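J.:
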Amino acid sequence: MIYNATKHEVQHLIPWQYCKESTQHSIMKKLAKLGWHPSNPILNGLVVPKNLPNGMVFHHGSHPAYNEWVDDALTKMDNTMPESQLYGKMMKLTDFLNSKIEEAYQNGKSLNSYFKDDVKKFDIINLDY
């Protein structure tokens, strides 16, 4: 998708609130040591449409259900996985999130409502996407 500021927004796959210094999730420093940096748009960025085809908002700033879902996944990874496996699992997680964001759009649902209603929390350790 080619970015157009009037039609698109940039989505951090891992919400910025878990990456910035003041509210950083504890897993972020471990991932940074392994080479996964949240400011790298190739690893943590996605261009998304502002609106669904029907005109409803798809992505606009706040998405608490998505953030909660990601926080739960990061916490499970941080608490149960050896550091040596974190980079690979993070890549699988961001691929999974990317696919679910695309599904939300294809199903005509906002990012927040899709993660609230349709994407169930699961054991991230078993994610082999």
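The opening position of the sequence shown corresponds to residue 70 in my numbering, with each subsequent residue numbered one higher.
Each residue gets a CB set at the ideal place from its N, CA and C atoms; glycine is no exception.
Every value quoted in this text rests on a predicted model; they were computed, and no experiment measured them.
Just to confirm, are isoleucine 170 and leucine 112 a CB contact at a threshold of 8 Å?
T.: Taking the first residue of the sequence shown as 1, we reach residue 170 at position 101. Taking the first residue of the sequence shown as 1, we reach residue 112 at position 43. No.
J.: Just list the alpha helix (DSSP H) runs in the stretch 93-144, keeping only unbroken ones of 4 residues or longer that don't cross its boundaries, in chain order.
T.: Segments of the alpha helix (DSSP H) lying fully in the stretch 93-144: 96-102 and 110-113.
J.: Enumerate in chain order the residues of its own chain whose CB-to-CB distance from isoleucine 193 is below 6 Å, with the five nearest sequence positions on each side excluded.
T.: Locating residue 193 in the sequence shown gives position 124, where the first residue counts as 1. These residues qualify, in order along the chain: Ala142, Lys145 and Met146.
J.: Is it right to say alanine 173 is buried, meaning 16 or more other beta carbons lie within 10 angstroms of its own, or is it exposed?
T.: One-based indexing of the sequence shown puts residue 173 at position 104. Burial call: buried.
J.: Are the stretch 150-167 and the stretch 81-96 touching, with three or more C-beta to C-beta distances below 8 Å?
T.: Because the criterion of three Cβ pairs below 8 Å is met, the stretch 150-167 and the stretch 81-96 touch.
J.: Less than 6 Å between C-beta atoms, sequence neighbours within five positions excluded: which residues of the same chain meet that for glutamine 86?
T.: Mapped onto the sequence shown, residue 86 falls at position 17. Here the set comprises Thr92.
J.: On a CA-only basis, which of Val188, Asn120 and Glu152 is nearest serine 168? Give me that one, please.
T.: Residue numbering aside, residue 168 sits at position 99 when the sequence shown is read from its first letter. Comparing Cα positions, the closest option is Val188.
J.: Answer with buried or exposed for tyrosine 183, where buried requires no fewer than 16 other C-beta atoms within 10 angstroms of its C-beta.
T.: Looking up residue 183 in the sequence shown gives position 114. Buried, since its Cβ has 16 or more Cβ neighbours within 10 Å.
J.: Where does the unbroken alpha helix (DSSP H) through glutamine 175 begin, and where does it stop?
T.: In the sequence shown, the residue the question calls residue 175 occupies position 106. Here the alpha helix (DSSP H) through glutamine 175 covers 152-175.
J.: How is the beta strand (DSSP E) around valine 79 delimited, first residue to last?
T.: Numbered from its first residue, the sequence shown carries residue 79 at position 10. Looking at the DSSP string, the run of the beta strand (DSSP E) that includes valine 79 is 77-81.
J.: On a Cα-Cα basis, can you pick out the residue from Ser95, Met125 and Cys88 that is closest to serine 108?
T.: The residue labelled residue 108 in the question sits at position 39 within the sequence shown. Selected option, being the one with the closest Cα: Cys88.
J.: Alpha helix (DSSP H) containing aspartate 186: first to last residue?
T.: Here residue 186 refers to the residue found at position 117 of the sequence shown. Element bounds for aspartate 186: 180-186.
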